[in-house]
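Per our numbering, the sequence shown starts with residue 37, numbered consecutively.
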Amino acid sequence: MTTHPNGLHCRLLPSGEPAPSGRHVLGRIAFMDHHRAPAIRAGVADMGVHLAKDGNSRVTEVWETDAPVTSGMYQDLVYAHDGEYLFCAGQVPANRSYREPVRDAYRTAFDLLAKLDYPTVMRIWQFITDINRANPDGLEVYRDFCLGRAEAVDRLLGRADDMPAATGVGALGGGISWYLLASRSGRARNIENPLQVPAPSYPHRYGPRPPKFARATCFTPSGLEGAGDLFVAGTAGILGHRTVHAGDVEKQCDVTLGNIATVIGRENLLAHGIDDGRTLKDLRFVKVYVRHEEDVPLVAAKCEQAFSDRAEIAYFTVDICRSDLLVEIEGIAPRP
Ligand code: 3EB
Numbered sequence: 037m038t039t040h041p042n043g044l045h046c047r048l049l050p051s052g053e054p055a056p057s058g059r060h061v062l063g064r065i066a067f068m069d070h071h072r073a074p075a076i077r078a079g080v081a082d083m084g085v086h087l088a089k090d091g092n093s094r095v096t097e098v099w100e101t102d103a104p105v106t107s108g109m110y111q112d113l114v115y116a117h118d119g120e121y122l123f124c125a126g127q128v129p130a131n132r133s134y135r136e137p138v139r140d141a142y143r144t145a146f147d148l149l150a151k152l153d154y155p156t157v158m159r160i161w162q163f164i165t166d167i168n169r170a171n172p173d174g175l176e177v178y179r180d181f182c183l184g185r186a187e188a189v190d191r192l193l194g195r196a197d198d199m200p201a202a203t204g205v206g207a208l209g210g211g212i213s214w215y216l217l218a219s220r221s222g223r224a225r226n227i228e229n230p231l232q233v234p235a236p237s238y239p240h241r242y243g244p245r246p247p248k249f250a251r252a253t254c255f256t257p258s259g260l261e262g263a264g265d266l267f268v269a270g271t272a273g274i275l276g277h278r279t280v281h282a283g284d285v286e287k288q289c290d291v292t293l294g295n296i297a298t299v300i301g302r303e304n305l306l307a308h309g310i311d312d313g314r315t316l317k318d319l320r321f322v323k324v325y326v327r328h329e330e331d332v333p334l335v336a337a338k339c340e341q342a343f344s345d346r347a348e349i350a351y352f353t354v355d356i357c358r359s360d361l362l363v364e365i366e367g368i369a370p371r372p
């Protein structure tokens with residue numbers, strides 16, 4: 037039997053030339069002050085997401101593996117894969133409606149995953165310019181995006197909702213930038229939060245089609261037993277399906293941290309058949325999205341208290357997918 041080591045590594049780096057790791061780069065996302073089209077750059081599958089107002093707040097996320105990587109373009113998507121893991125990234129240019137181009141982009145991505153034999157999507161990120169603005173049809177851009185995504189997922193899964201953890205937040209430009217990780221033989225178990233209505237079951241008032249993502253995804257490489265890495269979705273101040281503490285970033289931050297602690301805690305993992313449990317101190321590679329720049333110090337103080345000194349934490353000032361949400365937090369609780 038072949039076993040695959042858990043050969044996927046994340047790095048969240050401040051701007052500047054990263055120290056070489058000796059590993060192979062699967063994908064690189066530069067969070068920068070403009071957008072940069074998906075492409076192979078210096079041999080690396082790369083994309084730039086417009087999330088920073090100036091050069092100072094740049095951060096680069098690098099996904100690395102222990103095995104050599106093959107990379108290329110598939111239509112306008114960039115991808116790289118190593119036989120076990122696949123990274124893929126794309127941008128949908130600014131459009132009066134995103135429904136069709138988003139549907140097409142995700143269909144193209146799912147086609148690529150099928151073609152290259154990476155059937156299991158582990159994690160998706162999506163950055164949406166003007167996310168709270170109404171499009172020319174009067175539909176909020178996020179809701180229009182959700183329509184296209186849901187239609188792509190319909191074709192992939194029927195009406196099933198088994199999509200992994202995701203992030204869906206604002207961007208400062210470049211239309212929609214998205215990227216994902218997929219696996220050939222690993223197992224991804226999607227996890228919900230007992231305190232929150234599953235996003236795919238949100239009522240109609242939040243848009244014609246609901247968001248398709250899980251609160252967390254537990255990824256276990258094939259050949260390994262037990263829990264693996266826990267990918268925690270973008271998490272906000274939502275209880276049930278309702279935003280709580282509108283206008284109060286501090287309380288929304290507390291609810292957000294409580295939601296994450298609940299999702300990754302032992303009781304919830306056991307309820308999902310996973311004999312494991314994590315705490316906020318296990319969270320790494322944390323990305324914090326804050327709607328108002330002036331709220332960043334308060335949110336940062338709370339995050340520094342909640343997370344470990346070892347956690348890499350990056351802060352971005354962007355809009356969140358509901359106009360009454362002021363903060364959203366994601367991270368990864370790696371396998372111990
Ligand atoms: C929420 O809980 C907040 O549309 O993919 C978080 C993570 C949110 C992912 C997405 C949206 C998405 O509904 C918003």
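Every residue, glycine too, gets a C-beta built ideally from N, C-alpha and C. As the structure is a computational prediction, the values presented were derived from the model and not from experiment.
Pair within 9 Å by beta-carbon distance, residue i and residue j
| i | j | result |
| --- | --- | --- |
| V363 | G273 | yes |
| L148 | L192 | no |
| V20 | V335 | Residue numbering for the chain in the displayed model covers 37 to 372; residue 20 lies beyond these limits and cannot be assessed. |
| V105 | H71 | no |
| T101 | L48 | no |
| A342 | V268 | no |
| I160 | A201 | yes |
| A235 | A250 | yes |
| I296 | K323 | no |
| D69 | L208 | yes |
| P239 | H281 | no |
| G283 | D360 | yes |
| R64 | R77 | yes |
| I365 | T292 | yes |
| S107 | G79 | yes |
| E120 | P333 | no |
| G84 | A73 | yes |
| C46 | F321 | yes |
| L217 | W99 | yes |
| G367 | A347 | yes |
| D82 | A66 | yes |
| G313 | E303 | yes |
Option nearest residue i by Cα separation, candidates the options
| i | options | result |
| --- | --- | --- |
| F352 | R327, F343, D360, L334 | R327 |
| S219 | L152, L306, A336 | L152 |
| D311 | T271, G259, Q288, C254 | C254 |
| M109 | T279, T144, V85 | T144 |
| D140 | C182, Y325, A252 | C182 |
| I212 | G126, A202, T96, G313 | G126 |
| E136 | Y238, D180, R94 | D180 |
| A55 | T96, P257, A252 | T96 |
| T357 | E261, H308, E176 | The residue you asked about is not Thr; residue 357 is Cys in the sequence shown. Here the closest residue by C-alpha is E176. |
| V299 | H281, F163, T271 | T271 |
| G88 | E303, P50, G313, G174 | Per the sequence shown, residue 88 should be read as Ala rather than Gly. Measuring from the Cα of A88, the nearest candidate turns out to be P50. |
| L36 | P372, A81, G119 | Nothing in the structure corresponds to residue 36, since the chain is present only between 37 and 372. |
| Q162 | G313, H86, D118 | H86 |
| S237 | M199, G367, T203 | M199 |
| D118 | N171, D355, L44 | L44 |
| C339 | D173, D290, A66 | D290 |
| Q288 | Y325, L305, A103 | Y325 |
| G301 | A252, G194, E330 | A252 |
| W214 | Y142, H308, D197 | Y142 |
| L275 | G210, V233, T203 | V233 |
| A150 | G313, E329, L122 | L122 |
Heavy atom of the ligand MN within 8 Å of residue i beta-carbon
| i | result |
| --- | --- |
| F249 | No copy of the ligand MN appears in this structure; the ligands present are the ligand 3EB. |
Cβ pair count under 8 Å reaching 3, the segment 212–224 against the segment 140–157: Result yes; three or more Cβ-Cβ pairs closer than 8 Å.
field: Inside the segment 201–255 only - beta strand (DSSP E) runs reaching at least 3 residues
entry: 201–207, 212–219, 223–227
- prompt: Between the segment 315–331 and the segment 115–133, do at least 3 Cβ pairs fall closer than 8 Å?
  reply: no
field: Contact the segment 163–172 vs the segment 225–240: 3+ CB pairs below 8 Å
entry: Short answer: they don't touch.
task: Just list the beta strand (DSSP E) runs in the segment 40–77, keeping only unbroken ones of 3 residues or longer that don't cross its boundaries, in chain order.
output: Listed in chain order, they are 44–50, 60–68, 72–77.
Sufficient close CB pairs (3 or more, under 8 Å) joining the segment 172–190 to the segment 236–245: yes
- prompt: What are the complete beta strand (DSSP E) segments, minimum 3 residues, inside the segment 325–360?
  reply: 349–353
task: Within the segment 259–328, note down every full alpha helix (DSSP H) run reaching 4 residues or more, in order along the chain.
output: 285–300, 302–307
message: Which complete beta strand (DSSP E) runs does the segment 73–112 hold, if anything under 3 residues is left out?
response: 80–86, 95–101, 106–110
field: In chain order, each beta strand (DSSP E) run of at least 3 residues that lies wholly inside the segment 107–182
entry: 113–117, 121–128, 156–165
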